[in-house]
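**Q**
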Amino acid sequence: KKGNYEHYMEKEIFEQPESLTTTMRGRLIRGGESKLKSVVLGGLKDHLRTMRRSRRIIFIGCGTSYNAALAARPIIEELSGVPVTMELASDLLDRQGPIYREDTAVFVSQSGETADTLQALEYANSHGALCVGITNTVGSAIARGTHCGVHINAGCEIGVASTKAYTSQIAVMTMLALALGDDSMSSRNRREEIVDGLFDLPNKVKEVLKLDKDMKELAKLLTEEQSLLIFGRGYNYATALEGALKVKEVALMHSEGILAGEMKHGPLALVDETLPIIVIATRDATFSKQQSVIQQLRARKGRLIVICTKGDAEAVCPYGVSRVIEVPRVEDCLQPVINIVPLQLLAYHLTVLRGYNVDQPRNLAKSVTTQ
Ligand code: UD1
Ligand code: BG6
Numbered sequence: 318k319k320g321n322y323e324h325y326m327e328k329e330i331f332e333q334p335e336s337l338t339t340t341m342r343g344r345l346i347r348g349g350e351s352k353l354k355s356v357v358l359g360g361l362k363d364h365l366r367t368m369r370r371s372r373r374i375i376f377i378g379c380g381t382s383y384n385a386a387l388a389a390r391p392i393i394e395e396l397s398g399v400p401v402t403m404e405l406a407s408d409l410l411d412r413q414g415p416i417y418r419e420d421t422a423v424f425v426s427q428s429g430e431t432a433d434t435l436q437a438l439e440y441a442n443s444h445g446a447l448c449v450g451i452t453n454t455v456g457s458a459i460a461r462g463t464h465c466g467v468h469i470n471a472g473c474e475i476g477v478a479s480t481k482a483y484t485s486q487i488a489v490m491t492m493l494a495l496a497l498g499d500d501s502m503s504s505r506n507r508r509e510e511i512v513d514g515l516f517d518l519p520n521k522v523k524e525v526l527k528l529d530k531d532m533k534e535l536a537k538l539l540t541e542e543q544s545l546l547i548f549g550r551g552y553n554y555a556t557a558l559e560g561a562l563k564v565k566e567v568a569l570m571h572s573e574g575i576l577a578g579e580m581k582h583g584p585l586a587l588v589d590e591t592l593p594i595i596v597i598a599t600r601d602a603t604f605s606k607q608q609s610v611i612q613q614l615r616a617r618k619g620r621l622i623v624i625c626t627k628g629d630a631e632a633v634c635p636y637g638v639s640r641v642i643e644v645p646r647v648e649d650c651l652q653p654v655i656n657i658v659p660l661q662l663l664a665y666h667l668t669v670l671r672g673y674n675v676d677q678p679r680n681l682a683k684s685v686t687t688q
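In the UniProt record's numbering, the protein residues as written are 318 to 688.
1. Quick check on the DSSP output: the beta strand (DSSP E) that includes lysine 466 runs from which residue to which?
2. Start and end of the beta strand (DSSP E) containing threonine 480?
3. Would you call the segment 380-393 and the segment 541-554 in contact, with 3 or more CB pairs under 8 Å?
4. Which class does threonine 626 belong to by DSSP, given the choice of helix, strand or coil?
5. At the level of alpha carbons, what is the spacing between proline 593 and glutamate 510?
6. Measuring straight from C-alpha to C-alpha, what distance separates lysine 527 and glutamine 612?
7. Spatial neighbours of residue 702 within its chain, please: C-beta separation below 8 Å, excluding the five flanking residues on both sides.
8. Tell me whether the segment 479-496 and the segment 417-436 touch, counting them as touching only if at least three CB pairs, one residue from each stretch, are closer than 8 Å.
9. Enumerate in chain order the residues of its own chain whose CB-to-CB distance from proline 519 is below 7 Å, with the five nearest sequence positions on each side excluded.
10. Could you tell me which uninterrupted alpha helix (DSSP H) segments, each at least 4 residues in length, are contained entirely in the UniProt domain "SIS" (535-678), listed from first to last along the chain?
11. Using C-beta distances below 8 Å, list every residue in its chain close to alanine 460, excluding the 5 sequence neighbours before and after it, in chain order.
12. Closer than 7 Å: is that where the CB of threonine 452 sits relative to any heavy atom of the ligand UD1?
13. Quick check on DSSP: helix, strand or coil for aspartate 499?
14. Using DSSP with H/G/I as helix, E/B as strand and the rest coil, what is arginine 373?
15. If the criterion is Cβ atoms closer than 8 Å, does the pair leucine 660 and lysine 563 meet it?
16. Would you decide whether asparagine 321 is buried or exposed? Buried here means 16 or more other CB atoms lie within 10 Å of its CB.
17. Do the CB positions of aspartate 499 and serine 609 come within less than 8 Å of each other?
18. With 16 as the cutoff for other CB atoms within 10 Å, does aspartate 420 come out buried or exposed?
19. Given isoleucine 595, which residues of its chain have a CB within under 6 Å of its CB, disregarding the five upstream and five downstream residues?
20. Please report how far the alpha carbon of proline 645 lies from the alpha carbon of glutamine 652, in whole angstroms.
21. Under 8 Å, Cβ to Cβ, is there at least one residue of chain B near valine 633?
22. What do you reckon, are the CB atoms on isoleucine 375 and isoleucine 416 nearer than 8 Å?
23. Flag leucine 681 as yes when its Cβ comes closer than 7 Å to any non-hydrogen atom of the ligand BG6, and as no otherwise.
24. Can you look up serine 407 in the DSSP assignment and give me helix, strand or coil?
25. Report buried or exposed for leucine 435, applying the criterion of at least 16 other Cβ atoms within 10 angstroms of its Cβ.
26. Would the C-beta of threonine 381 count as close to the ligand BG6, meaning under 7 Å from any of its heavy atoms?
27. Let me check understanding here. Comparing Cα to Cα, which of Arg347, Thr686, Ala602, Leu663 lies closest to alanine 561?
28. Report the residue from Val399, Ser501, Lys565, Leu539 whose alpha carbon sits nearest the alpha carbon of threonine 367.
29. Of the choices Ala422, Leu493, Asp676, whose alpha-carbon is the least far from that of glutamate 404?
30. Less than 8 Å between the C-beta atoms of serine 382 and alanine 494, yes or no?
31. Can you give me the C-alpha to C-alpha distance between lysine 683 and aspartate 676, rounded to a whole angstrom?
32. Can you tell me whether alanine 616 is buried or exposed? The criterion is at least 16 other CB atoms within 10 Å of its CB, across all chains shown.
33. Between the Cα of glutamate 643 and the Cα atoms of Gly628, Lys521, Gly637, which residue gives the shortest distance?
34. If the criterion is Cβ atoms closer than 8 Å, does the pair isoleucine 475 and tyrosine 636 meet it?
As structure tokens, then:
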């Protein structure tokens, strides 16, 4: 079933234009006449009022699913006005953190079977929260145990490292943000632009996949490295965490995703001429802050690789010293879907070049069903 691909991970990375299309099928409304551009999430329509009125939304997940929720957090807060907090399932359980009847707890899980997430669901349910599932697996324990939810419909994912499920999870949570915000007139233009952006997203992913050769070249340069740092912020803090997770889980290379706003509070001490650092600096409200992060890293002779918006090579790297990876621009909240693709490709090629098992990384399982 791998078709022309060597590995499932590679196949699933390249499948993303199609998996995103299936995720959104029947859920986006084009508008026209007097109709607004909007979304329909069949599984949530009777619960949106409760969610809008809840005192907070808590996202709960593990690994890549947690990162996907983190990527969607800003747009959910913006469009719903409800505070969003993030929980790694195991940490919520360790702390027995407070959860109330007025909370909405959203469980994000590709498999729908992860033990920690499932146990956190039982915990939130016993505290009376509205429990919502976002999962790829119809009939899974999380799909069955939640009050309502959305199937991401990304198709079966086989590679242990999650790729297409990640981008589909972000697409679904962005649609959730649109659905939560659709009682507000003031955000109407913003929402319509995002709907347009979602329609066009599969094409933009096709475009960014053309970076495959460049990422293979970059992987060749990095094959022997011990460590790789990835700096991001705003919508792309999650991209930094998820890119680093991919690199460590499959390429077995130490990698750390760092919130760029925290750079001066520790990570800057690591910067020298040898340690490779990827900086994500695509266009959004945080762009000028990322430009100054790049300047500061360059002042310490950091070995930089910058991911920027097409046409911005000069703006991010005026002296042409760093390597630049240019990606297509999409609506700011959808940019994480585009930006993760070159990092998925980099992790894939690094793994192959380093001679490790791509689809079954050492010591890891696709679905962790025991604690
Ligand atoms: C549903 C059908 C889909 C059909 C469409 C037509 C299913 C699984 N889906 O999709 O085949 O094409 O109607 O309108 O039959 N749910 C949870 N927890 C979760 C995920 C989902 O409780 O984690 C619940 C939802 O609240 C909903 C049901 O499962 O009641 C199906 O969810 P979903 O597949 O996302 O709904 P639709 O997109 O409407
Ligand atoms: C495992 C997988 O650790 O579980 C990861 O190797 C995944 O890729 C994590 O992100 C969470 O899985 P799920 O199915 O709950 O999304």
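Built from N, CA and C at the ideal position, the CB exists for glycine as well.
**A** Well, looking at it:
1. One point to set straight first is that residue 466 is glycine, not lysine, in the sequence displayed. Element bounds for glycine 466: 465-468.
2. No beta strand (DSSP E) contains threonine 480, which DSSP labels as neither H nor E.
3. yes
4. strand
5. 36 Å
6. 29 Å
7. This structure does not reach residue 702, given that the chain is present from 318 up to 688, and the question cannot be answered.
8. yes
9. Pro334, Leu337, Thr338
10. 554-568, 604-616, 630-633, 652-671
11. Gly429, Gly450, Thr452, Thr454, Gly466, His468
12. yes
13. coil
14. strand
15. yes
16. exposed
17. no
18. buried
19. Ile547, Ile622
20. 9 Å
21. Chain labels in this structure do not include chain B; a single protein chain is all it has.
22. yes
23. yes
24. helix
25. buried
26. yes
27. Leu663
28. Val399
29. Ala422
30. no
31. 9 Å
32. exposed
33. Gly628
34. no
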